[in-house]
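Worksheet: the structure to be examined is printed underneath.
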Amino acid sequence: MKNFLVLTIFLMLGAYGRVVAQDAAAAFLSVANQQYVLFESERDKGTNVTGMYSYLLDSYENFMKVVEAPDNGQYLSGAKNRLRAMYPYLLNGAVYYSEQKQPSKALDFAAAYIEMPRLKIFQSELLPKDNRYASVVYYAAVSAYNLQKYSQALKYFQEYLSTGTDTQQKDCYVYMNMIYQSQKNYSEQERVLEEAIAKYPVSLDFLYNLVNVHIATNNMPKLLSAIDRILEVDPNNDKVLPIKARILERQGKNQEALDIYKRLYALHPDSFELLTGLARVNFNVATEIVNNGATIANDTEYALVRQRASGYLLDAKDLFLKILEKEPSSKMYMQGLAGVYQYMDMKSEYEVLMKIITDGASYTSFPSRLLAYNEALKKTEGVAQQQESAPVPVEPAMLVIHVDSFIDGNNNKVIDAGESFAVQFSVENKGQGDAYNIRLRLSEQQGYDEYFDGPRELDGGNIPAGTSKQYTFRYLVKKEMPSALAKINIYAFEANGFDADPSELIVNTQEYAMPRLRVADHQFFASEGSSITLGKNGKLTLALQNFGSKTARNVKLNFKLPNNVFTTDVPEMTIDSIAPGDVATLDYGFLVNKRFDGDSIAVMVSVSEDSRSSYLSEAYKVKVGEYLTASSTIKIDGAVRKAVDLKNVSLGLNTELLQDIPVGAVNRHRYALIIGNEDYSITGANAEINVPYAVNDAMVFREYCVRTFGVPDGQLKVVPNATAGMMHEQLDWLVNMASTDPEAELIFYYSGHGNNDEATKEPYLLPVDITGKNIRLGISLADLYKRLATYPIKGAYVFLDACFSGGYKSAAPLLAQKGVRVVPKVGLPQGHTLSFSSSSGDQTSSVYHDKKQGYYTYFLVKCIKDAKGDLTMKELFEKTNAEVKKATALIGKMQEPQYMVSPTWSDWAEVKLKTPATMN
Numbered sequence: 030m031k032n033f034l035v036l037t038i039f040l041m042l043g044a045y046g047r048v049v050a051q052d053a054a055a056a057f058l059s060v061a062n063q064q065y066v067l068f069e070s071e072r073d074k075g076t077n078v079t080g081m082y083s084y085l086l087d088s089y090e091n092f093m094k095v096v097e098a099p100d101n102g103q104y105l106s107g108a109k110n111r112l113r114a115m116y117p118y119l120l121n122g123a124v125y126y127s128e129q130k131q132p133s134k135a136l137d138f139a140a141a142y143i144e145m146p147r148l149k150i151f152q153s154e155l156l157p158k159d160n161r162y163a164s165v166v167y168y169a170a171v172s173a174y175n176l177q178k179y180s181q182a183l184k185y186f187q188e189y190l191s192t193g194t195d196t197q198q199k200d201c202y203v204y205m206n207m208i209y210q211s212q213k214n215y216s217e218q219e220r221v222l223e224e225a226i227a228k229y230p231v232s233l234d235f236l237y238n239l240v241n242v243h244i245a246t247n248n249m250p251k252l253l254s255a256i257d258r259i260l261e262v263d264p265n266n267d268k269v270l271p272i273k274a275r276i277l278e279r280q281g282k283n284q285e286a287l288d289i290y291k292r293l294y295a296l297h298p299d300s301f302e303l304l305t306g307l308a309r310v311n312f313n314v315a316t317e318i319v320n321n322g323a324t325i326a327n328d329t330e331y332a333l334v335r336q337r338a339s340g341y342l343l344d345a346k347d348l349f350l351k352i353l354e355k356e357p358s359s360k361m362y363m364q365g366l367a368g369v370y371q372y373m374d375m376k377s378e379y380e381v382l383m384k385i386i387t388d389g390a391s392y393t394s395f396p397s398r399l400l401a402y403n404e405a406l407k408k409t410e411g412v413a414q415q416q417e418s419a420p421v422p423v424e425p426a427m428l429v430i431h432v433d434s435f436i437d438g439n440n441n442k443v444i445d446a447g448e449s450f451a452v453q454f455s456v457e458n459k460g461q462g463d464a465y466n467i468r469l470r471l472s473e474q475q476g477y478d479e480y481f482d483g484p485r486e487l488d489g490g491n492i493p494a495g496t497s498k499q500y501t502f503r504y505l506v507k508k509e510m511p512s513a514l515a516k517i518n519i520y521a522f523e524a525n526g527f528d529a530d531p532s533e534l535i536v537n538t539q540e541y542a543m544p545r546l547r548v549a550d551h552q553f554f555a556s557e558g559s560s561i562t563l564g565k566n567g568k569l570t571l572a573l574q575n576f577g578s579k580t581a582r583n584v585k586l587n588f589k590l591p592n593n594v595f596t597t598d599v600p601e602m603t604i605d606s607i608a609p610g611d612v613a614t615l616d617y618g619f620l621v622n623k624r625f626d627g628d629s630i631a632v633m634v635s636v637s638e639d640s641r642s643s644y645l646s647e648a649y650k651v652k653v654g655e656y657l658t659a660s661s662t663i664k665i666d667g668a669v670r671k672a673v674d675l676k677n678v679s680l681g682l683n684t685e686l687l688q689d690i691p692v693g694a695v696n697r698h699r700y701a702l703i704i705g706n707e708d709y710s711i712t713g714a715n716a717e718i719n720v721p722y723a724v725n726d727a728m729v730f731r732e733y734c735v736r737t738f739g740v741p742d743g744q745l746k747v748v749p750n751a752t753a754g755m756m757h758e759q760l761d762w763l764v765n766m767a768s769t770d771p772e773a774e775l776i777f778y779y780s781g782h783g784n785n786d787e788a789t790k791e792p793y794l795l796p797v798d799i800t801g802k803n804i805r806l807g808i809s810l811a812d813l814y815k816r817l818a819t820y821p822i823k824g825a826y827v828f829l830d831a832c833f834s835g836g837y838k839s840a841a842p843l844l845a846q847k848g849v850r851v852v853p854k855v856g857l858p859q860g861h862t863l864s865f866s867s868s869s870g871d872q873t874s875s876v877y878h879d880k881k882q883g884y885y886t887y888f889l890v891k892c893i894k895d896a897k898g899d900l901t902m903k904e905l906f907e908k909t910n911a912e913v914k915k916a917t918a919l920i921g922k923m924q925e926p927q928y929m930v931s932p933t934w935s936d937w938a939e940v941k942l943k944t945p946a947t948m949n
C-alpha cells in the first residue's frame, strides 16, 4: 500500500511538471507573438524605427525561450515559422544599430542573425544567408572584442575564417592573437599564430608575436627557431638579431653571438646596447681561450693561446673605454675593463680601476688616479731602495744578463703583430758581493715598445754572490705594429750602482700578416631591361679582394635569399685562393617569382677562409623595379701596406683615371663628403630626369680623395643617391668634424641636379627625393658656404658638378646636360672657403658619354692625375677650365667652369690638395 502511494505521488508530480512547462512555453509564445505583432505594426507605419527593432529583439528572445523550453512540441512549429520570418530583419537591425554607433545593440542583432541557422529546428533546412553575412560576422566579432566579450569574439572570428572570405582574414588572426595574449593563453596564441604564419609566410608581424610567446614561456629552442624563420625572410632584421645574440651569449655560444653583434654594430654604430654586447662577448671569447689554455705547460703553446686571446682583449678594451665615456659610473663595465687589464698583466691600471670600483667613484677619475698611483709607486720604490740599500757593500757585485730564449706564438722567431711573445733571461751575479734591490727594465731603442702590451719593468729582488735568477717579460703585440728591425735592450739596475751592462736582442717585427677579405665592389644586373622585376632573373656580381698580406685559401661564399626568390646557381661557391692584393669576381644568379611581395630583395652573403682571421657577413639589397645605375660603390684603399699592391676594382666603370693614381701621404686633418645623385625616380611622375654617371663621378673623386689627397678612410663619406634628410645629416657631420680640429680641411663634392628658387633666384642642390616645386627642402649654396665657415679651419674646398633646370630635359644622349648657374644673388664663400663649379652664367654642364662621366669631373680629375697631384689650386682651376672649354666647344655646348673664393682668403691660390709624402 505504501509503495503504491509513493508511485501515485510521483506520477502526479510528473504530470504537474509537464503542465507547468507547457504553461511556461505557452506564456513565452504569447509574449513573443504579441511583440512580433507590435514589430509588424511599427514596420508597416515606418515612423518609429527604434521601437520597431526593440519589439523585434524582444520577440526573438521570447521565441528562443519557447524553443528551449521542455515539452514545447505543440508550440515549436509556430515559433519556427515566426523565427524564419524575422531572420532577414535581424540583419537589418544589426546594420541599423551599427550606423547609429551603438555596438552593443548591433551585437545583439548580429549574434541573433548568426546563431539562428545553428538552431536544431533549422538543421533540416538552410536559412538563406545574405551576401553581407561575412561582413556581419566580422563586425560582430570586433564589437564583441571591443566590449571585452572575448569568448563570443573568438567564436565569431573563427566563424568568419570558416566562411572562406579573404578580406578580413588577416585581421581576424590579429584580434585572436591579442585576445589569447591578454588571457596569457600562450598555447592557443601559438596555435593561432602558426595558422596565420602558414597563410601569410612573409608577414613578419605574426612571427614577431610568436617570438614574444616563446619569450613569455621561456622556450629557448622554439624562440631561436622563430627568430631563424624571421631571418630567412629578412636576414638583417635588427629587431630579432639582438635577441638571438643575447640568447647565444647566455648559452655560452660567445663566438656565434660575436658574429651577430659585429654585423649589427657595423649597421648601427651609435647603438649603446650593441656596443655593450660587443664588448661583453669579446671579453668572454678571450676568457674562454685563456681558461682553456690554463693547463698548458709548454711555453710556445701557451704563447699561441695568448696570441689568439690578444685580439679579442684589445677589442674588448677599446669597446669598454667607449662605454665608459658614455656611462663613467657603470660598475659593471669598469669591472669588465679591469678584467681586461688583469688578463693583459697591466697591473697598475688594474689596481687603480679596482680601487675606483671599491670607492664607488666614477671612471672619469681614472687618468688622474693612475698618474698619482704611478708617481707614488716611483716614490715607494725609491724609498724602498734607499731603505734596503742600507747594507754597505764590502765586495762588489757584478751582474751579467743572459738572454736564454725568445718565444713567439707561431715559433717563426719574429714578433708578429697581433700575437704574443716572451723573452726569458737570467741575471747572474759573478761578483764577490751580493746584489740588492735589482730593477729589470725592457726597452726598444726606436720606440716600437709602444706596441707591446705588458709590464716594462720587473722587480728582480736580491741576487747573492755566485748565484743567478731567471725572469720573463711577456707581451701582447698590438695589431698596429709595423714591419721593422726591433732592437730590444734589457737593463738590470742595482741599488748600490753595480748595474749590469744592457743585453741586446735584435729581432724582426712583422706587420699584421693575415688574409683580409672585403667586397671591394658589387653590382646588381637585370636579365632584361634596366631593373629587376617579378618573374624575371637577376644577378649579383661581387668583386672579392684580399687586402691582407697573406694568401686567403679555400674561400667559401654562402648565399641566402628571401622567400619566393630562388637561386639559379649553387648556394655555396668556393675559390681556391686569393693572393694579397688580388681580386676574384663571381656572379650569383637568382629568379624572383610573382608571389614576392617585398619592396626589395636582400641577398645575404657570408664569406670565410681557412685561417678564420677574415670573416664577412653582409646583406646586399636591390629594390624591385629600381633603375640600375651603370656604376656601384667602389671601396678601394690604395697602398694599405707596402707589401701588398692593391688592384683597382670597379664593376660598373672602367676608366684610365683609376689607373696609376698619384699617391700622397695620409693627412689626419682632412675630411670629405662626396655625394652623387643620379636616380631621381623616387618622386614618381613629377621626378626630375636621371643624371647619367653622377655616381661614377662621385666614386672616381672618392679614389683621389683617399689616395692623392690623403683623406683617411674613416674620415670620408660617400653617399650615392642622397635624400634631403641624408644630405643635411651628412653635411652636419662634415661641419662637426671641424669643431675640434682647427687644422681641419673640409672637402665637399657634389654631382647631380641643381635648381633655382623661382622667387629669389637662389641656387639649390637637389636631393633625389625633392623636385623643383619644393626646392627649398634642398641645400642652398649660400647656406652651404655659411655652414662650412662655422668654425675657424685651415680650408674648405667645394667642387660642384651639378645639373641645372635649363636645357637638360632632352632625351638625346648628346644633349644630356649638367650645370649650375651662379646668379648674382648667391652669397660669396666665407672664411677659408673656395668653390669650384662646372659652368658659369646661364651655361649648362654636359655629360661625357664616351667616358661615362660628366665633362667637368672627368677633366678635373684628369688634370690632377696628369700632374701627379703636384699642382696648386690656381693651376688646377686654370688647367681644368682650359680642357673643359676645349672639349665642350667641339660638341657645340660651350661650358666654362668658374671659381669663387672668400674675399678674406688671400693665399688660397698656393694650396695643394696632394699631401706631401713626408707628412705624418
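Offset between the sequence shown (1-based) and the working numbering: plus 29.
Glycine included, each C-beta is placed from N, C-alpha and C at the ideal position.
Nothing here was measured: the structure is a model prediction, and the numbers come from that model.
Bridge partners of T596 according to DSSP: F619.
With respect to A694, G705 sits apart: the two C-beta atoms are not nearer than 8 Å. Note that the C-beta distance between I535 and L471 is not below 8 Å. A308 sits in a helix when the DSSP states are folded into three classes.
Per DSSP, the continuous beta strand (DSSP E) segment holding Q539 begins and ends at S532 to Q539. Taking 8 Å as the cut-off, the beta carbon of L863 is found closer than this to the beta carbon of V930. Here DSSP, grouped into helix, strand and coil, assigns L514 to strand. Note: H757 is not bridge-paired with any residue in the DSSP secondary-structure output. DSSP places N266 outside both helix and strand once states are collapsed to three, so it counts as coil. Counting along the chain, the unbroken beta strand (DSSP E) around P749 starts and ends at L745 to P749.
Here the C-alpha atom of V747 lies approximately 11 Å from the C-alpha atom of C734.
Within the same chain, M205 and I208 come within 7 Å of L183 by CB-CB distance, once the 5 residues on both sides are set aside. Across the set S359, D742, V456 and P425, the C-alpha of D742 shows the shortest separation from the C-alpha of I703. Per DSSP, Q129 lies in no alpha helix (DSSP H) segment and is marked neither H nor E. When the five nearest sequence neighbours on each side are left out, the beta carbons in the same chain lying within less than 8 Å of the beta carbon of V231 are those of V262, P591, N592, N593, D626 and G627, in order along the chain. Counted as a single uninterrupted DSSP element, the alpha helix (DSSP H) harbouring I208 occupies residues Q198 to S211. Within its own chain, the residues whose Cβ lies closer than 8 Å to the Cβ of F906, once the five positions on either side in sequence are excluded, are F865, P926 and Y928, listed in chain order. Within its own chain, the residues whose Cβ lies closer than 6 Å to the Cβ of F595, once the five positions on either side in sequence are excluded, are L620, listed in chain order.
Shown here, R699 sits in a strand according to DSSP, grouped into three states. Restricting attention to V314, D528, Q63 and Q759, the CA atom closest to the CA of G489 is found in D528.
Look at N440 here: in three-state DSSP terms it is coil, with no helix or strand label.
For F481, DSSP records a beta bridge to V506. If you draw a straight line from the Cα of L569 to the Cα of K589, it comes to about 12 Å. Across the set G654, S635 and N750, the C-alpha of S635 shows the shortest separation from the C-alpha of S646.
Within the same chain, Cβ atoms closer than 6 Å to the Cβ of Y126 are found at K134 and A135, the five residues on either side in sequence being excluded.
Following the DSSP letters along the chain, one finds Q927 in no alpha helix (DSSP H) but inside the beta strand (DSSP E) bounded by residues Q927 to V930. With a 10 Å radius around the Cβ and a threshold of 16 neighbouring Cβ atoms, I561 comes out buried. Cβ neighbours of K199 within its own chain (closer than 7 Å, five residues either side excluded): Y229.
Membership of D550 in the beta strand (DSSP E) is indicated by the continuous run L546 to A555. Between A549 and V452, the C-beta gap is not smaller than 8 Å, which leaves the two residues out of contact. When DSSP states are grouped into helix, strand and coil, Y820 belongs to the coil group. Residue burial annotation: M902 is buried, with at least 16 other C-beta atoms found within 10 angstroms of its C-beta. In the DSSP assignment, T603 falls within the unbroken beta strand (DSSP E) covering E601 to I607. Distances from the alpha-carbon of D530 to those of N537, T538 and A521 put A521 closest. F92 is positioned such that its CB atom lies no closer than 8 Å to that of L120. Following the DSSP letters along the chain, one finds L236 inside the alpha helix (DSSP H) bounded by residues L233 to A245.
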